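Residues in the sequence shown are numbered consecutively from 1, following UniProt numbering.
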Amino acid sequence: MTKNIWEEFAINAKDKMPLYKQIIHQVEGMVHDGRLKPGTRLPSERKMAKLLNVSRMTITLANEEMKARGMVRSHQGSGTFILRGPRAKEVERDLDLPVEFAYPTGEINQGMDEIMRHGENTHLINLAGVGTAPEVHPGIELSQCFSEHLRKNPILLQLPSPTQGYEPLRLEMISWLKKVKIEVKLNEIMIVSGAMQGLDLISRLFLKPGDYVVMEEPGFLGAADAFKATGAKILRITLDEEGIRLDSLENMLMQFPIKFIYVNPTYQNPTGVTMSLKRRKKLLELCSKYGVLIVEDDPFSLLYFEDKPAPPIKSLGSDNVIYIQSFSKYLYPGIRLAVLVANEGIIHNLSKVKQRVDLHSNNLTQIALHAYISEGNLENHIWKLKSAYLERLHLMKELLNEGPYIHCKLPEGGVFLWCKVPKEIPTDRLLEFAVKNGFTFVPGNWMSGVGMFENYIRLAYTHPSLEWLKKGIKLLHHTILEYKEYQF
């Protein structure tokens, strides 16, 4: 049945879609309609390249991507075989059910899934996701602090936590938030299971299909997914050196009934831009004028290297601002805890929404975080982090300057470098070469809502050891040269 099926492939060199993606797309189609069954062996790379009149590198890229998606598997000496159909975004379409999904899973940005999946691969140098520098990882210190706290108070594990969060932790947050000049009362604080849950709860409470949300371009892809899941429409505004452009914002505020504006004003993900104090005040003024909420995401502001950044927008004194500060960038990604600050009415209603999906955030981690902060450990730990990250940043500057093709502006804090490569190098395609060579990064267009920034990459430098950073950046230089040689 499959003897001559490969001759049915139609590859168009003039098509804007890269050749290797055309191959993947056609394999997907043949799997979906049953012409390619699980277990079918693919021709060798050499034979396939000859059949389709493309380079062998094109076939290699297609095979590597299909392996990454779980569509094929390879066995040394025996070949490459169809395993199953494509992942995630196709599942919604393919399930043979008597009813349709209501949740738009097929529209979810696959970039987040790719970042998480690559992070699990210990053989890849991870320049994509964020983790704590290994030499200052707080795991042992945190667990010792937690154990001692439980030894003195064993009954804590038996007690349920209110939906708004473990009260001693919320009380501790009153003092903690003063570090970023936010004055807050207990009933204005809520503990959520990471910033992503906070954004999801806000979206559920405020958004319905057809509502408008504004966010930065480029911006955090997880936030866009949370907003789109409600059926909301996302309007994007580019940044300049002072943050989100307010001239564009006011034009949108006059044209659209916008529900809220989502911003990451300090060491923005992915650009590293910090919004000036003047612009923060003007943004607050504009939103008050037009009756629009601000959702302020602040995961990085304590990771400054020299001068403190401007204070959060929330600290400027407005009930129109919902503020989220995650602890995952200060401790470790798996802690999944964040503090959400808003006026009492918003907190009350967000708690009702949270109760439907998550009675309360994990008690163990809330108790551990409270013990760690209350004894002054987190503040000391952040100083160690900043020293380790600044050393890495200086190393990155030195390493990136060794090649002619990568240009970055060093941030004043945070965890990311936003780098530009030659415009003829689309970085989503470059990533395929990178994974093959043993490292990973985030392509710029994954952070865009409109497919921009194709020749940008986001590099996370906090987690790899110094030796792995050196190796990773050398591989990046090598991979760019390799791509320029093999581009098609």
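Where is the CB? At the ideal position from N, CA and C, for every residue including glycine.
Computed from a predicted model, the values in this text were never measured in an experiment.
- DSSP, read as helix, strand or coil, puts H407 in strand.
- For A338, the enclosing beta strand (DSSP E) stretches over residues A338 to V341.
- In the three-state DSSP reduction, L235 falls in the strand class (E or B).
- Under the three-state reduction of DSSP, K420 is assigned to strand.
- DSSP lists N126 as the beta-bridge partner residues of T440.
- With contacts defined as CB atoms closer than 8 Å, G165 and M190 qualify as a contacting pair.
- The beta carbons of I294 and V263 sit closer together than 8 Å.
- Unbroken alpha helix (DSSP H) runs of no fewer than 4 residues, entirely contained in the region 194–255, are found at 195–206, 221–228 and 246–255, following chain order.
- For the UniProt domain "HTH gntR-type" (17–85), the full-length beta strand (DSSP E) segments reaching 3 residues or more read 72–75 and 79–82 along the chain.
- Here the alpha carbons of M71 and N12 stand approximately 23 Å from one another.
- In terms of Cα proximity to G194, the closest of D247, P309, E172 and S361 is S361.
- As summarised for the region 322–409, the continuous beta strand (DSSP E) elements at least 3 residues long and confined to that stretch are 338–341, given in chain order.
- According to the DSSP assignment, I191 belongs to the beta strand (DSSP E) that extends over I189 to V192.
- Between the region 403–417 and the region 34–41 there are fewer than three inter-stretch CB-CB distances shorter than 8 Å, so the stretches are not counted as touching.
- Rounded to the nearest whole angstrom, the CA to CA distance from H478 to L283 is 43 Å.
- P265 and A62 have their alpha carbons spaced roughly 39 Å apart.
- For E148, the enclosing alpha helix (DSSP H) covers residues G139 to K152.
- For E172, the CB contacts under 6 Å within the same chain, skipping 5 residues up- and downstream, are H370, I373 and S374 in chain order.
- CA-to-CA, the gap between Q268 and V54 works out to about 41 Å.
- Note on geometry: alpha-carbon atoms of W418 and V214 lie some 22 Å from one another.
- Two segments are said to touch when three or more pairs of C-beta atoms, one from each, lie closer than 8 Å; by this definition the region 293–312 touches the region 174–191.
- In terms of CA proximity to E296, V339 leads the group M252, L303 and V339.
- At the C-beta level, G444 and N437 stay beyond 8 Å of one another.
- When only Cα atoms are considered, K67 and I125 end up about 19 Å apart.
- Nearest in C-alpha terms to Y212, of all of F220, P218 and A224, is A224.
- By the C-beta density criterion, T427 is buried, having at least 16 other C-beta atoms within 10 angstroms.
- Taking 8 Å as the cut-off, the beta carbon of H463 is found closer than this to the beta carbon of A133.
- Comparing C-alpha distances from W468 to each of M396, Y323 and M57 shows the shortest one belongs to M396.
- Contact between K354 and L201 holds, with the beta-carbon distance rounding to 6 Å and staying under 8 Å.
- Residues Y332 of the same chain have their beta carbon placed closer than 8 Å to that of G139, with the five preceding and five following residues left out of the count.
- Pairing N401 with Y483, the inter-Cα distance amounts to about 19 Å.
- DSSP, read as helix, strand or coil, puts E296 in strand.
- Per DSSP, L459 is not a residue of any alpha helix (DSSP H); the beta strand (DSSP E) it occupies stretches across Y456 to A460.
- Taking 8 Å as the cut-off, the Cβ atoms of L316 and L286 do not count as close.
- No Cβ-Cβ contact shorter than 8 Å links N320 with E141.
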